[in-house]
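Novice:
Number of protein chains: 2
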Amino acid sequence: MITYKYGKGKKGSASIMSGVMFQENCVINYYECDTTGHLSAPMLLNILLNVSGSQCTELGVGEDFTHQLGVAWVVIQYEIHFDRIPQVNEEITIQTTPLSYNKYFSYRNFEGFDLAGNRLFTVASSFVLMDLHARKMVPIKEEIVAPFGILKENKMVRMTKPEKLTELVTEKKFQVRYLDIDANQHVNNSKYLDWALDVLDFDFLNSHDMIYCNVKYDKEVEYGQIVESKVSSVVNEEGTIKTIHQIKNGEHTACELTIEWKQK
Amino acid sequence: MITYKYGKGKKGSASIMSGVMFQENCVINYYECDTTGHLSAPMLLNILLNVSGSQCTELGVGEDFTHQLGVAWVVIQYEIHFDRIPQVNEEITIQTTPLSYNKYFSYRNFEGFDLAGNRLFTVASSFVLMDLHARKMVPIKEEIVAPFGILKENKMVRMTKPEKLTELVTEKKFQVRYLDIDANQHVNNSKYLDWALDVLDFDFLNSHDMIYCNVKYDKEVEYGQIVESKVSSVVNEEGTIKTIHQIKNGEHTACELTIEWKQK
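As C-alpha cells, this is what we get:
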C-alpha cells in the first residue's frame, strides 16, 4: 500500500491510501506519434488504458471477468499534466495506482517516466462501470475492485471540471467512422481528442507542446452521427495558451476539454 | 540466406534468393482492433512497418541512418492474404524477409503466425526511397540495402495491380486531419485504408472478414486536402465479395485498392 497524493494542487486534495501499484514498459511507435515525432495525446490515452487493463487481467478481474458479469469499465475523465512528451522509439515506464471507489466512481492515477527516471506525465482518471446491454452506469461491484486493495469511500473525489466554452472561435464537423468504434462497441475515448485537436491550426499544433489536458466525457456518440467540435482560446498571463473545447452531438454535449499549451 | 517463393501464385513468380530474415512478437492491443475485436487492416500496416523498421535499426540502417542521407523508405504497395485475422490480446509473431532490389524498387515479404505456429497472413510489399527535401523518388543507395543480404536485379518484380474502378456505387469525402500526418511528414499509409473501409456499410464490415487486400499508393495527399473515397463491389463465383476502391485527390488518383471478403 502506498500513500498517494491525489489531485495535485486541486481544491479538496488529500493524502489517501491507495491500492496495488502496477507498472509496464512500452516503446513509442512511429504510428503513435504526430508529425513532430512526439507521442500524440489520443495515443497516450490508448496506452494508459492498456496498462490499467493489464493490471486488471493480472489481478484476475480483466475484461473476460467483467464481461461475464455483463459490465465494462468506461473512463469518464482524464486530467493530464505533461512534464515532457515522449518521442518516437523512446522506451517509457508507466505506473498506475488504483486510489479509491465509491458507489459509482473508481479513481486511478498514472505516471509516466523515461528510462533515466525523469517524470514525463501524471494522469488522474475516473472510471464508471457500464452495463453492456442497457449501456447505462451501474453501481460498482465489490468483486471487481477487491483485488485492487482500495477502500470504498462514501465521499466523491472532486476532479477539476474542464472550463465551459463561452465564446466560439472555430468549429469543424466530423462524422463518426467505422474504426472510431472499438471492441467496447462505442467510440474510443481517444477519438474525442482527435476531434478536439483537429480544429486547431496545423502550425499551432506543430509549434506548441501540450502541458495540461482535462477531458470529461458526458454522453456516448453513435456510429454515423455527425459531431461538432468547437474551440475558443485564451492567452494566459504566464504566456501559455489555453484552448477550451466542446464536442457536441446535436443538442447534447458529448465531451468537454481544457488544454494548455506552451511554445516548443 | 533463405530460398523464398515470392508472389505466391502470381504470373511471373519465381524462386529467388532472399536476404536476412527478422522476426518480432507483438500483442494485439484493443485500440488496434475493430468493433468485432479483430486487428484492423490499417493497424496491421502500421505493425508491419514497425517490424521492418526494427530490422533496419538492428542492421544499422535505421531511420537515423537514412535521414542522414536525406532519404526515407516509402511503401508503394502491399498485397495481403489473410488466413485468419488475429484478435485482441493475442500474441503473434511477424517475420519479415527482404527479397531483392533494382534501381528504384526494393521488395520485402512479411508473414504472421499465431503462437501455435499457424499462419495468419502473408504480405508482399514494395518500397522506394524518397528524397526528404525534394519529396521525390531517388535511386536506391547500395549502402542502405547492403546489410539486408539481397541481390540487385535489373528485372522488376511484377506485383498484381489493384483493379480499376469502373462502376461507382458509393462515395464519401474525407478531409486530411492533423493526426493523419505522421513523423514522415506525410499522410500515414494506413489512413488510406481507413478512408477505403469507411465507405463500406457498417453491417457489412461487421459480418465479413478481409481475406485479401491489394493497396497501391500513387500520389501523396497533403494536410487539409479533401479526398474522395469511391467503391464498387462484385460477388465472385465462389461466393466471396470483391470491393474495388479508388481514393481521389481532385483529378489525381492517390491510391487504389482491391479487397476480397468472406462472410464470418
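Protein sequence lines, in the order shown, are assigned to chains C and L. The opening position of the first sequence corresponds to residue 1 in the UniProt record's numbering, with each subsequent residue numbered one higher. The opening position of the second sequence corresponds to residue 1 in the UniProt record's numbering, with each subsequent residue numbered one higher. Glycine included, C-beta positions come from ideal geometry on N, C-alpha and C.
What residue from L:Y192, L:M43, L:G117 and L:S52 has the CA that sits closest to L:T88's CA?
Specialist: Counting from one through the second sequence, the residue named residue 88 of chain L turns up at place 88. Residue identity differs from the one stated: residue 88 of chain L is Val in this sequence, not Thr. The shortest C-alpha separation from L:V88 is found at L:M43.
Novice: When you compare only the Cα positions, how much space is there between L:G224 and C:D201?
Specialist: Looking up residue 224 of chain L in the second sequence gives position 224. Looking up residue 201 of chain C in the first sequence gives position 201. About 10 Å.
Novice: Can you tell me whether L:E167 is helix, strand or coil according to DSSP?
Specialist: Here residue 167 of chain L refers to the residue found at position 167 when the second sequence is read from its first residue. Coil.
Novice: Name the chain C residues that come within less than 8 Å of residue 267 of chain L, Cβ to Cβ?
Specialist: Absent from the model: residue 267 of chain L. The displayed extent of chain L is 1 to 264, so no value can be given.
Novice: I'd like to confirm the pairing. Which residues does DSSP put opposite C:A72 in its beta bridges?
Specialist: Here residue 72 of chain C refers to the residue found at position 72 when the first sequence is read from its first residue. Beta-bridge pairing links C:A72 to C:M130.
Novice: L:F105 by DSSP, collapsed to three states: which one?
Specialist: Taking the first residue of the second sequence as position 1, residue 105 of chain L is located at position 105. Three-state DSSP puts L:F105 in coil, outside helix and strand.
Novice: Once DSSP output is grouped into helix, strand and coil, what is the label at C:E90?
Specialist: For the purposes of this step, residue 90 of chain C is taken as residue 90 along the first sequence, with counting starting at 1. Residue state, collapsed to three classes: coil.
Novice: Comparing C-alpha positions only, which one of C:G53, C:T93 and C:E251 sits nearest to C:V74?
Specialist: Here residue 74 of chain C refers to the residue found at position 74 when the first sequence is read from its first residue. The residue with the shortest Cα to Cα distance from C:V74 is C:G53.
Novice: DSSP on residue 265 of chain C, reduced to helix/strand/coil?
Specialist: As shown, chain C starts at 1 and ends at 264. That puts residue 265 of chain C outside it, with no answer to give.
Novice: Please report whether the beta-carbon of C:T96 lies at a distance below 7 Å from any beta-carbon of chain L.
Specialist: Taking the first sequence and counting its residues from 1, one reaches residue 96 of chain C at position 96. Chain L, which has no Cβ nearer than 7 Å to the Cβ of C:T96, makes this no.
Novice: Using the beta-carbon of each residue, which ones in chain C are nearer than 8 Å to L:Y223?
Specialist: What you label residue 223 of chain L is simply residue 223 of the second sequence in a count that begins at 1. Here the neighbours are F202.
Novice: Any residues in the segment 160 to 171 of chain L with a beta carbon nearer than 8 Å to a beta carbon of chain C? Which ones, in chain order?
Specialist: none
Novice: Determine the DSSP secondary structure at L:K10, reduced to helix, strand or coil.
Specialist: Taking the second sequence and counting its residues from 1, one reaches residue 10 of chain L at position 10. Low confidence applies to L:K10: its pLDDT is 38, below 50, so where it sits in the model is not reliable enough to give any reading.
Novice: If we ignore side chains and look at the alpha-carbon of each, how far apart do L:E153 and C:K172 end up?
Specialist: On the second sequence, position 153 is the one that residue 153 of chain L refers to. On the first sequence, position 172 is the one that residue 172 of chain C refers to. Near 50 Å, if we compare the C-alpha coordinates of C:K172 and L:E153.
Novice: Along the chain, which unbroken stretches of the alpha helix (DSSP H) at least 4 residues long are found entirely within the segment 193 to 217 of chain L?
Specialist: 202 to 207
Novice: If you drop the 5 nearest sequence neighbours on each side, which residues of the same chain put their C-beta closer than 6 Å to that of L:K103?
Specialist: Translated into positions along the second sequence, residue 103 of chain L becomes position 103. Within the same chain, L:K103 has close Cβ partners P139.
Novice: Quick one: Cα of L:T122 to Cα of L:C26, how far?
Specialist: Residue numbering aside, residue 122 of chain L sits at position 122 when the second sequence is read from its first letter. Residue numbering aside, residue 26 of chain L sits at position 26 when the second sequence is read from its first letter. Going by the C-alpha atoms only, they are around 16 Å apart.
Novice: L:V221 and L:V215: beta carbons closer than 7 Å?
Specialist: Indexing the second sequence from 1 puts residue 221 of chain L at position 221. Indexing the second sequence from 1 puts residue 215 of chain L at position 215. Result no, Cβ atoms of L:V221 and L:V215 do not sit closer than 7 Å.
Novice: Just how far apart, CA to CA, sit C:V157 and C:K219?
Specialist: Your numbering for residue 157 of chain C matches position 157 in the first sequence. Your numbering for residue 219 of chain C matches position 219 in the first sequence. Whole-angstrom Cα-Cα distance: 21 Å.
Novice: To the nearest angstrom, how far is it from the Cα of C:Y4 to the Cα of L:N29?
Specialist: Locating residue 4 of chain C in the first sequence gives position 4, counting from the first residue. Locating residue 29 of chain L in the second sequence gives position 29, counting from the first residue. With a pLDDT of 32 at C:Y4, under the threshold of 50, the modelled position of this residue cannot be trusted; read the value that follows with caution. Between C:Y4 and L:N29, the C-alpha separation is close to 29 Å.
Novice: Counting only Cβ pairs nearer than 7 Å, list the residues of chain L close to C:L205.
Specialist: Along the first sequence, one-based indexing puts residue 205 of chain C at 205. Around C:L205, the beta-carbon contacts reaching into chain L at under 7 Å are Y178.
Novice: Name, please, each residue of chain L whose Cβ falls closer than 8 Å to the Cβ of C:Q185.
Specialist: Position 185 of the first sequence, counted from the first residue, corresponds to residue 185 of chain C. Within 8 Å Cβ-Cβ: T35.
Novice: In the DSSP output, which residue or residues are listed as bridge partners for C:I150?
Specialist: By 1-based counting over the first sequence, the position of residue 150 of chain C is 150. Per DSSP, none; premise fails for C:I150.
Novice: Residues of chain L with CB under 9 Å from C:V52, in chain order?
Specialist: Locating residue 52 of chain C in the first sequence gives position 52, counting from the first residue. Here residue 52 of chain C turns out to be Ser, not Val, going by the sequence shown. The premise fails here: C:S52 is roughly 11 Å from chain L at the closest Cβ pair, so nothing lies under 9 Å.
Novice: Can you give me, in chain order, the residues of the segment 74 to 98 of chain L that have a beta carbon less than 7 Å from any beta carbon in chain C?
Specialist: Within the segment 74 to 98 of chain L, the qualifying residues are V88.
Novice: Helix, strand or coil: which one does DSSP assign to L:T240?
Specialist: Counted from its first residue, the second sequence places residue 240 of chain L at position 240. Coil.
Novice: Touch check for the segment 167 to 183 of chain L and the segment 94 to 101 of chain L: three-plus C-beta pairs under 8 Å?
Specialist: no
Novice: Can you pull the chain L residues whose beta carbon is under 9 Å from the beta carbon of C:I181, in chain order?
Specialist: One-based indexing of the first sequence puts residue 181 of chain C at position 181. Within chain L, the residues near C:I181 are D34, T35 and F202.
Novice: By the three-class DSSP mapping on this structure, what secondary structure does L:E222 have?
Specialist: Position 222 of the second sequence holds residue 222 of chain L. Three-state result, L:E222: coil.
Novice: Would you kindly report the start and end of the unbroken alpha helix (DSSP H) that includes C:C33?
Specialist: Stepping through the first sequence from its first residue, residue 33 of chain C is reached at position 33. Note, C:C33: premise wrong, no alpha helix (DSSP H); not H, not E.
Novice: Under 8 Å by Cβ, that's how I've got L:R177 and C:D198 pegged, so tell me the actual separation to the nearest angstrom.
Specialist: Numbered from 1 along the second sequence, position 177 holds the residue referred to as residue 177 of chain L. Numbered from 1 along the first sequence, position 198 holds the residue referred to as residue 198 of chain C. That belief holds up - the Cβ atoms of L:R177 and C:D198 are roughly 5 Å apart, short of 8 Å.
Novice: Rounded to a whole number of angstroms, what is the C-alpha to C-alpha distance between L:N188 and L:K248?
Specialist: Along the second sequence, one-based indexing puts residue 188 of chain L at 188. Along the second sequence, one-based indexing puts residue 248 of chain L at 248. If I take the Cα positions, the gap works out to 16 Å.
Novice: Return the residue from the list L:S126, L:H252 and L:H245 that minimises the CA-CA distance to L:T258.
Specialist: Position 258 of the second sequence, counted from the start, is the residue given in the question as residue 258 of chain L. Out of L:S126, L:H252 and L:H245, L:H245 has the C-alpha closest to the C-alpha of L:T258.
Novice: State the beta-bridge partners of C:A124 as determined by DSSP.
Specialist: Indexing the first sequence from 1 puts residue 124 of chain C at position 124. Answer is C:E79 and C:N109, bridged to C:A124.
Novice: Can you tell me whether DSSP reads L:H252 as helix, strand or coil?
Specialist: On the second sequence, position 252 is the one that residue 252 of chain L refers to. In this structure, L:H252 counts as strand in the three-state DSSP scheme.
Novice: For the candidate residues L:H67, L:M17 and L:I80, whose alpha-carbon lies nearest to that of L:C213?
Specialist: By 1-based counting over the second sequence, the position of residue 213 of chain L is 213. Ranking L:H67, L:M17 and L:I80 by Cα distance to L:C213 puts L:I80 first.
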